[in-house]
Each structure stands twice: as C-alpha cells, then as structure tokens.
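In the numbering used here, the protein residues as written are 2 to 251.
Here a beta-carbon is modelled for each residue, glycine too, at the ideal position from N, C-alpha and C.
Since the model is a prediction, treat every value here as computed from it, not as a measurement.
Reading through the structure tokens given below for one structure.
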C-alpha cells in the first residue's frame with residue numbers, strides 16, 4: 002500500500018512573523034525572509050510554510066504569489082496554540098557579545114519566559130543591542146519548533162534589580178563561592194516562580210556577592226565542583242531547573 006505523504010512535509014520552512022495571524026488572512030513577506038524562501042528554499046506557488054507570531058500560535062500557510070524580492074502567503078489553518086513557557090527568568094550579567102548571543106539562543110531553546118540583562122561592576126560591556134539578542138532568539142525558535150519567544154527586559158544595574166525584586170519570585174543565585182546544590186534546592190520545592198542569576202566573566206565583586214546573599218529572596222546555589230564560564234553556567238542552570246521543576250513535567 003502506498004502511504005499518503007505527511008502534510009505539511011517535515012521539510013516545510015518555518016518562520017516568525019511579527020504580526021497577529023488569523024486563518025484566511027494574507028501577508029506579504031519581504032527582506033531576508035523572502036530571500037530565504039525564494040532563493041534558498043526555492044518555494045513556488047502552492048508550497049507550504051509554517052508561521053508563528055508569538056501571540057496566538059502556529060499556522061500553516063501556502064504561497065499565493067511570488068515576486069523577485071517578495072511573496073504573498075495565505076494563512077490556511079491553525080496548527081497549535083501558543084505554548085505557555087515555564088515561569089523562569091534568566092538574569093544574566095553582560096558578557097562578550099558572541100557569548101551573550103549564544104546564551105540568548107540556548108535560553109530560548111530551553112524555554113525561559115523572560116531574559117533580564119544585568120549590569121555589574123565587572124561586566125566587560127555596558128551596552129546591549131536588544132535587536133541582536135531578539136534575532137538570535139527568533140532563529141532558535143524557528144528551528145526548534147517553539148511558538149513563544151522570551152520577553153527581553155530593559156538593561157538593569159544589579160542594585161536596582163535587587164531593590165525592585167518581586168516578593169513572589171525566588172532568586173537562584175549561581176555562586177561559585179558555594180551554595181546548596183541546585184538540584185537539591187529544586188527537589189525541596191517552592192521554586193516554580195524563579196529566576197536564575199548568572200554573573201559576568203570575572204564574577205561578582207565581594208560587595209555584590211554580599212548584597213545578593215543578604216537579599217531575602219536570594220538562594221545561593223551550586224552547579225557542582227567545577228568553575229564554569231558564564232555561558233556554560235547559564236545553560237546548565239536552566240537545564241537543571243527545566244528537568245526538575247514540577248510545573249514543567251511532561
């Protein structure tokens with residue numbers, strides 16, 4: 002028996018569009034996305050495309066018309082609702098831009114809800130290109146079947162972050178100077194609304210470390226006996242939280 006091919010095919014390209022999608026609507030795709038669909042994927046009229054909007058979910062669309070530098074697609078059907086990301090924030094001190102890009106990409110893949118950039122005394126950078134980070138997250142979400150993108154908060158100095166910290170959220174402080182193993186802290190419960198705090202390449206200063214540890218919602222945690230780079234620590238901590246938090250089971 003000849004099997005009916007899967008529709009849409011697994012090779013169907015998938016793109017983020019920054020506007021609300023609805024069944025039956027048409028939209029024009031231009032710029033880099035159009036170049037990708039027309040000249041890399043070589044799509045023709047009638048070809049399927051998956052779209053997601055970070056608002057309502059994921060949709061199946063078909064190419065209605067093509068031009069030299071743009072194409073029009075028709076949204077045919079809703080495939081999935083927008084996913085509910087686990088309530089985890091990543092508070093990341095600024096590090097070198099290529100490493101920060103990598104953290105943005107991987108944290109989106111792992112499913113955080115909010116990315117909070119933090120300025121500390123030992124940061125090697127003091128400016129942040131939000132569009133660059135968002136582009137990394139979009140590309141990761143497109144490739145990894147995500148339907149939700151992390152919110153990117155405004156850059157905040159560490160002292161301001163601590164002063165304005167919400168009373169209903171724990172701050173899991175990944176401290177190379179010592180703390181309870183993160184896995185044990187999470188297994189003990191009470192951290193379904195959490196944030197992970199990761200320092201810069203040179204770590205937190207003595208004053209910053211003391212201020213964090215004195216905060217009523219901070220929980221110093223350890224990621225093991227090895228000293229980890231900032232980007233490694235961020236991904237390791239997120240992965241442990243995602244694996245052990247009861248709200249994320251299944």
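Item                                                                                                                                                  : Value
Evaluate contact between the region 12-30 and the region 49-61, counting only Cβ atoms and requiring at least three cross-stretch pairs below 8 Å.    : yes
Where does residue 84 sit, in a helix, a strand or coil, going by DSSP?                                                                               : coil
Which partner residues does residue 112 have in the DSSP bridge list?                                                                                 : None, per the DSSP bridge assignment.
Whole angstroms is fine: what's the gap from residue 212's alpha carbon to residue 13's?                                                              : 50 Å
If you drop the 5 nearest sequence neighbours on each side, which residues of the same chain put their C-beta closer than 8 Å to that of residue 251? : Residue confidence is low: residue 251 scores 46 on pLDDT, short of 50, so the model does not pin down where it sits. Its coordinate-derived value is still stated next. Cβ neighbours of residue 251 beyond the five flanking positions: none.
Please list the terminal residues of the continuous alpha helix (DSSP H) segment that includes residue 143.                                           : 131-144
Ends of the alpha helix (DSSP H) at residue 233?                                                                                                      : 231-245
If you measure between the beta carbons of residue 246 and residue 87, is that distance less than 8 Å?                                                : yes
Kindly confirm or deny that the region 96-103 and the region 132-150 touch, where touching means at least three C-beta pairs closer than 8 Å.         : yes
Along the chain, where does the beta strand (DSSP E) containing residue 209 start, and where does it finish?                                          : Premise fails: residue 209 lies in the alpha helix (DSSP H), 207-215, not in any beta strand (DSSP E).
What three-state label does DSSP hand residue 122 in the structure shown?                                                                             : coil
Taking C-alpha atoms, which residue in 82, 243, 60 and 45 lies nearest to residue 67?                                                                 : 45
From which residue to which residue does the alpha helix (DSSP H) around residue 188 run?                                                             : 183-188
According to DSSP, residue 18 sits in a beta bridge with which residue or residues?                                                                   : BP columns for residue 18 are empty, so no partner.
Are there 16 or more other CB atoms within 10 angstroms of the CB of residue 168, so buried, or fewer, so exposed?                                    : exposed
Tell me the DSSP bridge mates of residue 51?                                                                                                          : 15 and 61
Round the Cβ separation of residue 241 and residue 107 to the nearest angstrom and send it over; I've been treating them as touching at under 8 Å.    : Between residue 107 and residue 241 the Cβ distance is about 14 Å, and since that is not below 8 Å, they are no contact.
In angstroms with no decimal places, state the Cα-to-Cα distance between residue 147 and residue 82.                                                  : 11 Å
What span of residues does the beta strand (DSSP E) with residue 29 cover, start to end?                                                              : 27-30
Report the rounded CA-to-CA distance for residue 221 versus residue 175, giving the unit in angstroms.                                                : 6 Å
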